[in-house]
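Student: Just passing along the structure, written as structure tokens.
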Amino acid sequence: MKRRRKKQNIQKSYVCKIFGLIVAITVIAVSGGVLLKRTITESPEDTLVEYMNHIEKKEYEVMYTMIDSDEKVYLTKEEYIQRNSKIYEGIEVSDIKISHIAVKEKKADTVTLSYETSCNTIAGTIQFDNMAELKKTKQGYKLVWQDSLIFPDLESDDKISVTTSKAERGEILDRDGKMLAGKGVATSVGIIPGKLEDRNVSIEKIAELLEIDVETINNKLTAKWVKEDSFVPIETIPKVEEIDLMKIQPEEKTLEEQDCQNKLLEIPGVMLSDVEVRTYELGEAAAHLIGYVQSVTAEDLENHPGEGYSAESVIGRSGVEKLYEKQLKGKDGCDIKILDSDGEVKEVLASIFKEDGMDIRLTIDSDLQKSLYEQFKEDPGCSVAMNPYTGEVLALVSTPSYDNNEFIRGISSEKWTSLNEDEKKPLYNRFRQVWCPGSTFKPVVAGIGLKTGSIDPKEDFGNEGLAWQKDSSWGSYQVTTLHEYEPVIMKNAIIYSDNIYFAKAALKIGSENFMNTLNEIGFNQNMPFEIAMQESTYSNTDKIETEIQLADSGYGQGQILVNPLHLASIYTSFLNEGNMIKPYLKYKEEASGETWIENAFSKENVEEIMQGVEGVYGR
5 MKRRRKKQNI QKSYVCKIFG LIVAITVIAV SGGVLLKRTI TESPEDTLVE
55 YMNHIEKKEY EVMYTMIDSD EKVYLTKEEY IQRNSKIYEG IEVSDIKISH
105 IAVKEKKADT VTLSYETSCN TIAGTIQFDN MAELKKTKQG YKLVWQDSLI
155 FPDLESDDKI SVTTSKAERG EILDRDGKML AGKGVATSVG IIPGKLEDRN
205 VSIEKIAELL EIDVETINNK LTAKWVKEDS FVPIETIPKV EEIDLMKIQP
255 EEKTLEEQDC QNKLLEIPGV MLSDVEVRTY ELGEAAAHLI GYVQSVTAED
305 LENHPGEGYS AESVIGRSGV EKLYEKQLKG KDGCDIKILD SDGEVKEVLA
355 SIFKEDGMDI RLTIDSDLQK SLYEQFKEDP GCSVAMNPYT GEVLALVSTP
405 SYDNNEFIRG ISSEKWTSLN EDEKKPLYNR FRQVWCPGST FKPVVAGIGL
455 KTGSIDPKED FGNEGLAWQK DSSWGSYQVT TLHEYEPVIM KNAIIYSDNI
505 YFAKAALKIG SENFMNTLNE IGFNQNMPFE IAMQESTYSN TDKIETEIQL
555 ADSGYGQGQI LVNPLHLASI YTSFLNEGNM IKPYLKYKEE ASGETWIENA
605 FSKENVEEIM QGVEGVYGR
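So this is what it looks like as structure tokens:
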């Protein structure tokens, strides 16, 4: 029994020793880890790297704790933070990297390190060699801070200068080189507060003339920078040109603008001055096509990092201005310099040259664009003009419209609300949408009938009068038309725009042939064009559901919806031996038609169709 207890004690002692050994090993390992970590943290090289890592994070307070206390006698935390933040944030520093760190000199309590620095800035990449002195303290290594830690030649009395040269935004031109968007002049209406008489009454008059609220004016007049003799810009309005007033019959709008400016000048304290702005020459006639630019927002800056935008930049917000933003915007030039206490350039740290934006020349014909707009400006709709042989888009018009110049001059909240609440929806871009094509679709259906072999162009469908239905299964529904004629063949049906003929034609074709052929000529697919257009469709579902729907589709009704530019492209096949030409917007010196869909119809088919189409104009 004693032996057994003794044996157990021996085993227990053995286990304890083993456990003690394990514990000892663990403690040593943990201690080794702590020791290793402390060694890494306290090395001068790692202290320098850690310090530099805090710069990009804007952790200036942490950086201040890493400098030697002797330096803090001469440099308060506030002074340190202000100096570093102004420089690093002023040059928009990022991606700071230091490399090739080496001990240059080592003394009892100090180490001097040499290293290379690379960082990105608003003016491009800056690379330089530098030196840093670190002092060993009880808390580890601390940096002996000097201004030269930022840049080698920077001294305490020096300043960092950032100079930006703004790139000119490119112009948008029409096919003949006429300006559609570019430099222009407007009139800035401003107030000199100290010269206002009867302030409240004057401000109310100004607000009424400019169609803005009194609060907007007061907010601008009470800005911190405003003094009694300051010129405070209130609103930018169109400049009235003398040449426009000299016309035999000046436009009513011009006379109204002149009258407004005369009344403004009668108010003491109001001044008018010229200001350079981006101008849209066609205004309402091309607003949906050209679009407009606006000042960048915080969201824009977040969405476009590293693309050269600043708080003072503008960005294309819609239309061609947005479509070709990268080409139009250009790149601002920038210099980062060290200036001495006298303001003299001591060193150029980085420099990038200004690159003005590219001009974008379009296929648009300004005169045609304006003419189409003037004809239809009061009616909700859209107009498209396209060269059928080259594919050049000559006009894209949406009506009614809005003046995109107002967005440049600064659109008032009242005007913005008015545009959005207008029942005619002037902001809505109609040429990008799909519409019921009506009778313009009949030649297309004729082409489908010929292509599928469903229709003989010489077959007489018979005179049904002005109303027809297939049979009693249609109930009370009838297809109606406007004219009776003989014989009822394809050519005459196109000439007389016969709904009944094309309803019958669609039924002869059949829904499967009808849908398949429409798919072959671009329905339910994206059209290859610079501006995204809505896809043309033939049904609200994925197929034509009923016989009546098919019959109605034959004369461009039912649920047929076509984008107008797509329809124009289909029509080009009638002049190009059945090949559909691809539309394009950006001008080419040598215009030559590029086929979008080959053999949309056969050469023989389009010859038959054109007999009817030409007959419409000769009727």
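According to my numbering, the sequence shown holds residues 5 to 623 in order. In this text, a Cβ means the ideal position worked out from N, Cα and C, and glycines have one as well.
Just reading off the alpha helix (DSSP H) that residue 264 is part of, what are its end residues?
Tutor: Taking the first residue of the sequence shown as 1, we reach residue 264 at position 260. 256–269 is the span of the alpha helix (DSSP H), which, as asked, contains residue 264.
Student: Apart from the five residues on each side of it in sequence, which residues of its chain come closer than 6 Å, Cβ to Cβ, to residue 471?
Tutor: By one-based count along the sequence shown, residue 471 stands at place 467. Here the set comprises 482, 484.
Student: Per the contact definition of three or more C-beta pairs closer than 8 Å, is the region 365–372 in contact with the region 415–432?
Tutor: no
Student: Considering residue 275, what are the terminal residues of the beta strand (DSSP E) in which it resides?
Tutor: Counting from one through the sequence shown, the residue named residue 275 turns up at place 271. Residues 274–284.
Student: Less than 7 Å separating the beta-carbons of residue 405 and residue 325?
Tutor: Locating residue 405 in the sequence shown gives position 401, counting from the first residue. Locating residue 325 in the sequence shown gives position 321, counting from the first residue. Not in contact: residue 405 and residue 325 (Cβ atoms no closer than 7 Å).
Student: Can you say whether residue 309 is buried or exposed, counting buried as having 16 or more other CB atoms within 10 angstroms of its CB?
Tutor: Numbered from its first residue, the sequence shown carries residue 309 at position 305. Residue 309 is classed as exposed because its beta carbon has fewer than 16 other beta carbons within 10 Å across all chains shown.
Student: Could you tell me whether the Cβ atoms of residue 185 and residue 294 are closer together than 7 Å?
Tutor: Translated into the one-based positions of the sequence shown, residue 185 becomes position 181. Translated into the one-based positions of the sequence shown, residue 294 becomes position 290. Yes, the Cβ-Cβ distance between residue 185 and residue 294 is below 7 Å.
Student: Judging by CA-CA distance, which residue of 115, 64, 345 is the nearest neighbour of residue 161?
Tutor: Position 157 of the sequence shown holds residue 161. When only C-alpha atoms are compared, the closest one is 345.
Student: Have a look at the DSSP bridge pairing and note the partners of residue 440.
Tutor: In the sequence shown, residue 440 corresponds to position 436, counting from 1. None, per the DSSP bridge assignment.
Student: On the criterion of 16 or more Cβ atoms from any shown chain inside 10 Å, does residue 282 qualify as buried, or is it exposed?
Tutor: Within the sequence shown, the letter at position 278 stands for residue 282. With 16 or more other Cβ atoms within 10 Å, it is buried.
Student: Would you mind stating whether residue 48 and residue 117 have Cβ atoms separated by less than 7 Å?
Tutor: One-based indexing of the sequence shown puts residue 48 at position 44. One-based indexing of the sequence shown puts residue 117 at position 113. In contact: residue 48 and residue 117 (Cβ atoms closer than 7 Å).
Student: To the nearest angstrom, report how far apart residue 535 and residue 577 are at their CA atoms.
Tutor: By 1-based counting over the sequence shown, the position of residue 535 is 531. By 1-based counting over the sequence shown, the position of residue 577 is 573. Whole-angstrom Cα-Cα distance: 22 Å.
Student: Apply the 10 Å Cβ neighbour rule to residue 292 and answer buried if 16 or more other Cβ atoms are within range, or exposed otherwise.
Tutor: As a first step, residue 292 is located in the sequence shown; it is residue number 288 there, counting from the start. Counting Cβ neighbours within 10 Å, residue 292 comes out buried, since at least 16 surround it.
Student: In its own chain, which residues sit with a C-beta less than 6 Å from the C-beta of residue 487, not counting the 5 before and 5 after it?
Tutor: Here residue 487 refers to the residue found at position 483 when the sequence shown is read from its first residue. Taken in chain order, the residues that qualify are 500.
Student: Going by beta-carbon coordinates alone, are residue 451 and residue 509 separated by less than 7 Å?
Tutor: Locating residue 451 in the sequence shown gives position 447, counting from the first residue. Locating residue 509 in the sequence shown gives position 505, counting from the first residue. Not in contact: residue 451 and residue 509 (Cβ atoms no closer than 7 Å).
Student: In or out: residue 520 buried (at least 16 other Cβ within 10 Å) or exposed?
Tutor: What you label residue 520 is simply residue 516 of the sequence shown in a count that begins at 1. So residue 520 counts as exposed.
Student: Roughly how many angstroms lie between the CA atoms of residue 553 and residue 223, to the nearest whole one?
Tutor: As a position in the sequence shown, residue 553 is number 549, starting the count at 1. As a position in the sequence shown, residue 223 is number 219, starting the count at 1. Rounded to the nearest angstrom, the two C-alpha atoms are 60 Å apart.
Student: Hey, would you say residue 100 sits closer than 7 Å to residue 123, going by beta carbons?
Tutor: On the sequence shown, position 96 is the one that residue 100 refers to. On the sequence shown, position 119 is the one that residue 123 refers to. Against a cut-off of 7 Å, the Cβ pair of residue 123 and residue 100 comes out as a contact.
Student: Could you work out which residue in 276, 617, 360 is closest to residue 243 when comparing CA atoms only?
Tutor: As a position in the sequence shown, residue 243 is number 239, starting the count at 1. When only C-alpha atoms are compared, the closest one is 276.
Student: What residues match up with residue 339 in a beta bridge as DSSP calls it?
Tutor: For the purposes of this step, residue 339 is identified with residue 335 of the sequence shown, where counting begins at 1. DSSP output for residue 339 lists 167, 355 as bridge partner(s).
Student: Roughly how many whole angstroms lie between the Cα atoms of residue 318 and residue 299?
Tutor: Numbered from 1 along the sequence shown, position 314 holds the residue referred to as residue 318. Numbered from 1 along the sequence shown, position 295 holds the residue referred to as residue 299. Distance between the alpha carbons of residue 318 and residue 299 is about 4 Å.
Student: Measure from the alpha carbon of residue 134 to the alpha carbon of each residue in 110, 192, 105, then state which is nearest.
Tutor: Walking along the sequence shown from the start, residue 134 turns up at place 130. Taking only the C-alpha atoms, the option nearest residue 134 is 105.
Student: Pick helix, strand or coil for residue 173, following the three-state DSSP scheme.
Tutor: Translated into positions along the sequence shown, residue 173 becomes position 169. Three-state result, residue 173: coil.
Student: Would residue 587 be called buried (16 or more neighbouring beta carbons within 10 Å of its own) or exposed?
Tutor: On the sequence shown, residue 587 is found 583 positions in, with the first residue counted as 1. Around the CB of residue 587, 16 or more other CB atoms lie within 10 Å, so the residue is classed as buried.
Student: For residue 199, which residues in the same chain have their Cβ closer than 8 Å to its Cβ, ignoring the five residues on either side in sequence?
Tutor: Mapped onto the sequence shown, residue 199 falls at position 195. Answer for residue 199: 272, 273, listed in chain order.
Student: By DSSP's criteria, residue 128 is part of a beta bridge. Which residues make up the other side?
Tutor: In the sequence shown, the residue the question calls residue 128 occupies position 124. Residue pairing by DSSP puts residue 128 in a beta bridge opposite 125.
Student: Pick helix, strand or coil for residue 295, following the three-state DSSP scheme.
Tutor: The count along the sequence shown starts at 1 and reaches residue 295 at position 291. Reduced to three states, the DSSP call for residue 295 is coil.
Student: Just the Cα atoms here: how many angstroms apart are residue 410 and residue 456?
Tutor: By 1-based counting over the sequence shown, the position of residue 410 is 406. By 1-based counting over the sequence shown, the position of residue 456 is 452. Distance between the alpha carbons of residue 410 and residue 456: 52 Å.
Student: Consult DSSP for residue 179 and reduce its assignment to one of helix, strand or coil.
Tutor: Along the sequence shown, read from residue 1 onward, the residue named residue 179 stands at position 175. Three-state result, residue 179: coil.
Student: Would you say the beta carbon of residue 199 comes nearer than 6 Å to a heavy atom of the ligand MN?
Tutor: Ligands in the displayed structure: none, and consequently the ligand MN is not present.
Student: Counting Cβ pairs closer than 8 Å, one from the region 234–241 and one from the region 170–177, do we hit at least three?
Tutor: no
Student: In this structure, what does DSSP give as the bridge partners for residue 135?
Tutor: In the sequence shown, counting from the first residue as 1, residue 135 sits at position 131. Per DSSP, 118.
Student: Tell me the rounded alpha-carbon separation between residue 489 and residue 445.
Tutor: Reading the sequence shown from its first residue, position 485 is the one you call residue 489. Reading the sequence shown from its first residue, position 441 is the one you call residue 445. The straight-line gap from Cα to Cα measures roughly 20 Å.
Student: Can you check whether the CB of residue 560 is closer than 7 Å to the CB of residue 394?
Tutor: On the sequence shown, residue 394 is found 390 positions in, with the first residue counted as 1. On the sequence shown, residue 560 is found 556 positions in, with the first residue counted as 1. Against a cut-off of 7 Å, the Cβ pair of residue 560 and residue 394 comes out as no contact.
Student: Within 10 angstroms of its Cβ, does residue 14 collect 16 or more other Cβ (buried), or is it exposed?
Tutor: Taking the first residue of the sequence shown as position 1, residue 14 is located at position 10. A caution first: residue 14 carries a pLDDT of 37, below 50, which makes its placement in the model too unreliable to give a value.
Student: So which of 506, 546, 502, 503 has the shortest CA-CA distance to residue 647?
Tutor: Not covered by the structure: residue 647. The range shown for the chain is 5 to 623.
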